[in-house]
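Each remark here refers to the structure printed beneath this line.
Protein chains in written order, with the working numbering: chain A, 1 to 91; chain B, 92 to 394.
In structure tokens form, the structure reads like this:
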């Protein structure tokens, strides 16, 4: 493998490492944004007599599904980040 | 210059300290370049075909590469070559490429050490060294000078001129704004706003150093200009003549007062002794690095 090809390969490994780390960290941050914005809406629904009885169960269901989705994405990306970390050139 | 190199430079500016800690190849390594060729410090003659006793080193700013020095439509011309052409004996122009996300003092220490090796191995004795820095590059030069003096490096004795072009010696309003914005957002009771603050806080140490123009390892530690050297300052202003835009934004990123280092104090008060300064109206921060009028001024000062 030529030096140029190796450098290009290392560069893409670097991009992979950055992206997987970014997705792993970003998924948790996006989850926090999603849940806290959703809480604003659920807080309003909890004050309206018609929607009050169902707002809390729906909030729990919404937050549970969201945590599962974002958490899975973060875990998968975190695992990929560990793999790319191992593949990075050591010098 | 490939898009990949530009991408690396931009990403390094944002999070270069993290990239370096992780061993990520996107982190830009510190390199001297001559006409696009890497100059090994141990054997500079390999890349510099006609070495001169006057050496000009151009140091770029945050998220930039050496391409920032190129004049429009003239890829081989920059401030170094312009000054070299005006000098009777000519000069060798080198560009520095580095990871701008690292703390400025780290880059200053590294530059000082590398210049000691490079100029120690220079094929002819170096009689005159000229350092030219754009934006953060000017702060890296000041830092390198400080550590060069501290380590008693030989290159300091040949240093005759330092030029700071749009360098935020007293900090950049944008970096100060980012710090203040993050602090406010982090203190708010809504999690989605705190996340925005945390994202701003991901910025590199290099960007954080631009808040106050920190160039030394100790936060807020003051460093004067290296003595017995001529120091020149170039400032830019967005608009021509007296315009409130200039007072608000300076050259877009750096105010004129910060570029002059006004907060460092006047010479009579034991502060800075600038040899000369020049302000260019209608020239923004980026164009300061490759502008014909600035080139003429540098030739007048240095040649």
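Even for Gly, the Cβ is constructed at its ideal location relative to N, Cα and C.
Around the Cβ of residue 380 of chain B, a 10 Å sphere holds 16 or more other Cβ atoms; the residue is buried. Under the DSSP assignment, residue 249 of chain B falls in the alpha helix (DSSP H) whose first and last residues are 246 to 249. For residue 225 of chain B, the pairing in a beta bridge is given by DSSP as B:256.
Close CB contacts of residue 235 of chain B within its chain, under the 6 Å cut and outside five residues either way in sequence, are with 199, 202 and 203 (chain order). Rounded to the nearest whole angstrom, the CA to CA distance from residue 209 of chain B to residue 34 of chain A is 53 Å. For residue 99 of chain B, the enclosing alpha helix (DSSP H) covers residues 94 to 113. With a threshold of 7 Å between beta carbons, residue 17 of chain A makes contact with chain B.
DSSP, reduced to helix, strand and coil, places residue 132 of chain B outside both helices and strands of the structure shown, so it counts as coil.
Within chain A, no residue has its beta carbon less than 7 Å from that of residue 277 of chain B; the closest one is some 13 Å off. Bounds of the beta strand (DSSP E) holding residue 370 of chain B are 367 to 372. For residue 69 of chain A, DSSP assigns no beta-bridge partner whatsoever.
By the neighbour-count criterion, in which 16 or more other beta carbons inside 10 Å mark a residue as buried, residue 107 of chain B falls on the buried side. Listed along the chain, the chain B residues whose CB falls inside 7 Å of the CB of residue 13 of chain A are 116. For residue 286 of chain B, a Cβ of chain A is located within less than 7 Å of the residue's own Cβ. Residue 324 of chain B sits away from residue 294 of chain B, with the two beta carbons spaced by 7 Å or more. The beta carbon of residue 189 of chain B does not come within 7 Å of any beta carbon belonging to chain A, so the residue lies off that interface. Counting along the chain, the unbroken beta strand (DSSP E) around residue 183 of chain B starts and ends at 183 to 188. At least one beta carbon of chain A lies nearer than 7 Å to the beta carbon of residue 283 of chain B.
Contact annotation: the stretch 135 to 153 of chain B touches the stretch 177 to 185 of chain B, with at least three C-beta pairs closer than 8 Å. Between the beta-carbon of residue 13 of chain A and that of residue 116 of chain B there is about 6 Å, and that keeps the pair under the 8 Å contact cut. A Cβ of chain A is located within less than 7 Å of the beta carbon of residue 95 of chain B.
At a cut-off of 7 Å between beta-carbon atoms, residue 36 of chain A makes contact with chain B. In the DSSP assignment, residue 42 of chain A falls within the alpha helix (DSSP H) that extends over 3 to 47. At the C-beta level, residue 118 of chain B and residue 111 of chain B come within 7 Å of one another. For the stretch 24 to 51 of chain A, residues whose beta-carbon sits nearer than 7 Å to a beta-carbon of chain B comprise 29, 32, 33, 36 and 37. Annotation for residue 251 of chain B: 219, 220, 221, 320 and 321 place their beta carbon closer than 7 Å to its own, counting only its chain and skipping 5 residues before and after. Residue 16 of chain A places its beta carbon less than 7 Å from that of residue 84 of chain A. Between residue 125 of chain B and residue 136 of chain B the beta-carbon gap is near 11 Å, outside 8 Å, which marks them as no contact. Using a Cβ-Cβ cut-off of 7 Å, residue 88 of chain A counts as an interface residue toward chain B, since at least one Cβ of chain B sits closer than that to its own.
In the DSSP assignment, residue 172 of chain B falls within the unbroken alpha helix (DSSP H) covering 170 to 177.
Along the stretch 315 to 393 of chain B, the beta strand (DSSP E) occurs as fully enclosed runs of 3 or more residues at 321 to 328 and 367 to 372, listed in sequence order.
The stretch 337 to 350 of chain B makes contact with the stretch 260 to 267 of chain B: 3 or more CB pairs, one atom from each, lie closer than 8 Å. Contact note: residue 102 of chain B reaches chain A through 18, using a C-beta cutoff of 8 Å and chain order. Listed along chain A are 29, each with a C-beta nearer than 8 Å to that of residue 289 of chain B.
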